[in-house]
Amino acid sequence: MPIELFNINEGYTVFTESDYRTKKHTHYAIEIVCCKEGTFNVTTAVSNHTNITSVIIPSNLPHRFSCLGTTCNLLFLDPLSPLGSHFRKQYRLVSQNDAIANPPGLNRFYKNGNFNISWMKRYREGCTPADLDFRIRNCLQEIDARITDQSIPLSQLSEASFLSESRLSHLFKEQIGISIHQCILWKKILVAVVKAREGYSLTACAHYAGFSDSAHFCKVYARMFGINPFFVLKR
Numbered sequence: 004m005p006i007e008l009f010n011i012n013e014g015y016t017v018f019t020e021s022d023y024r025t026k027k028h029t030h031y032a033i034e035i036v037c038c039k040e041g042t043f044n045v046t047t048a049v050s051n052h053t054n055i056t057s058v059i060i061p062s063n064l065p066h067r068f069s070c071l072g073t074t075c076n077l078l079f080l081d082p083l084s085p086l087g088s089h090f091r092k093q094y095r096l097v098s099q100n101d102a103i104a105n106p107p108g109l110n111r112f113y114k115n116g117n118f119n120i121s122w123m124k125r126y127r128e129g130c131t132p133a134d135l136d137f138r139i140r141n142c143l144q145e146i147d148a149r150i151t152d153q154s155i156p157l158s159q160l161s162e163a164s165f166l167s168e169s170r171l172s173h174l175f176k177e178q179i180g181i182s183i184h185q186c187i188l189w190k191k192i193l194v195a196v197v198k199a200r201e202g203y204s205l206t207a208c209a210h211y212a213g214f215s216d217s218a219h220f221c222k223v224y225a226r227m228f229g230i231n232p233f234f235v236l237k238r
């Protein structure tokens with residue numbers, strides 16, 4: 004399952020998967036899947052979408068994925084990025100409690116078996132990042148500044164955000180959709196992936212991103228993506 008495209012600053016990652024299935028999992032990113040050939044299946048708590056060719060999975064929606072006997076491209080978008088904001092608004096993902104199978108209009112972003120990121124960026128022009136409370140933005144900036152630390156105490160984030168710990172936790176979950184701890188883990192995963200693409204070992208990547216060890220990193224990764232990172236980060 005190689006990584007085809009990865010841009011942490013613009014908030015998108017594209018994976019290619021063949022003959023593959025996951026366990027039930029959930030993640031912060033919006034997931035968009037298009038099949039290169041054949042069909043695939045996605046199961047949620049609400050529906051069992053079978054023999055589909057494309058799907059949009061909203062942020063934080065538990066699901067299982069299977070593309071046995073075929074190849075799919077998976078695009079992961081940070082919901083707070085301009086691209087993520089475009090899809091959140093275009094498909095009203097905030098109010099969705101299920102995956103959107105074969106969504107209308109998605110084909111224009113998928114040409115010759117690949118996602119056309121440049122074309123997506125044209126459509127997202129004028130779509131600004133999510134409008135967040137400045138104190139939550141302060142919190143996110145503090146997280147980014149300390150993301151390689153093994154521990155990022157809530158007290159430090161509270162101080163940077165000018166909010167009590169309880170109020171910060173509540174407002175963060177309300178605006179971002181996940182807890183502060185989940186957000187930190189997601190960002191650490193991305194940092195580790197960057198290092199893996201530079202050729203570092205899984206253990207070195209885990210330590211650099213602030214995980215206690217590679218086992219901790221693998222456990223978090225599997226919980227978010229439903230698969231062991233060895234299958235994703237191998238070169």
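When the letters of the sequence shown are read in order and numbered with the numbering used here, they come out as residues 4 to 238. All C-beta atoms, glycine included, are put in the ideal place defined by N, C-alpha and C.
Extent of the continuous alpha helix (DSSP H) to which residue i belongs
{"i": "V194", "result": "I183 to R200"}
{"i": "F43", "result": "Note, F43: premise wrong, no alpha helix (DSSP H); beta strand (DSSP E) at F43 to T47."}
{"i": "T29", "result": "Looking at the DSSP string, T29 is not in any alpha helix (DSSP H), and its letter there is neither H nor E."}
{"i": "S164", "result": "L157 to S164"}
Cα-Cα separation between residue i and residue j, rounded to whole angstroms
{"i": "L83", "j": "T73", "result": "31 Å"}
{"i": "T47", "j": "F68", "result": "9 Å"}
{"i": "F228", "j": "H30", "result": "7 Å"}
{"i": "G180", "j": "S167", "result": "19 Å"}
Neighbourhood of residue i by C-beta distance below 6 Å, restricted to the same chain and skipping five residues each side
{"i": "S154", "result": "none"}
{"i": "L135", "result": "Q178"}
{"i": "S50", "result": "D101"}
Residue i - DSSP class collapsed to helix/strand/coil
{"i": "E13", "result": "coil"}
{"i": "S169", "result": "helix"}
{"i": "S98", "result": "helix"}
{"i": "D134", "result": "coil"}
{"i": "R149", "result": "coil"}
{"i": "N141", "result": "helix"}
{"i": "F214", "result": "coil"}
Cβ-based neighbour list, residue i, same chain, cut-off 8 Å, excluding 5 preceding and 5 following
{"i": "S182", "result": "S172, F175 and K176"}
{"i": "Q144", "result": "A163"}
{"i": "Y211", "result": "T151, V194, A195, K198 and Y203"}
{"i": "F165", "result": "R138 and N141"}
Boundaries (first-last residue) of the beta strand (DSSP E) holding residue i
{"i": "C75", "result": "T74 to L80"}
{"i": "R67", "result": "H66 to S69"}
Identity of the residues DSSP links to residue i by a beta bridge
{"i": "V58", "result": "V36 and A104"}
{"i": "K114", "result": "N117"}
Residues of its chain near residue i, where Cβ-Cβ distance is below 7 Å and the 5 sequence neighbours each way are ignored
{"i": "K191", "result": "I150, A212, G213 and F214"}
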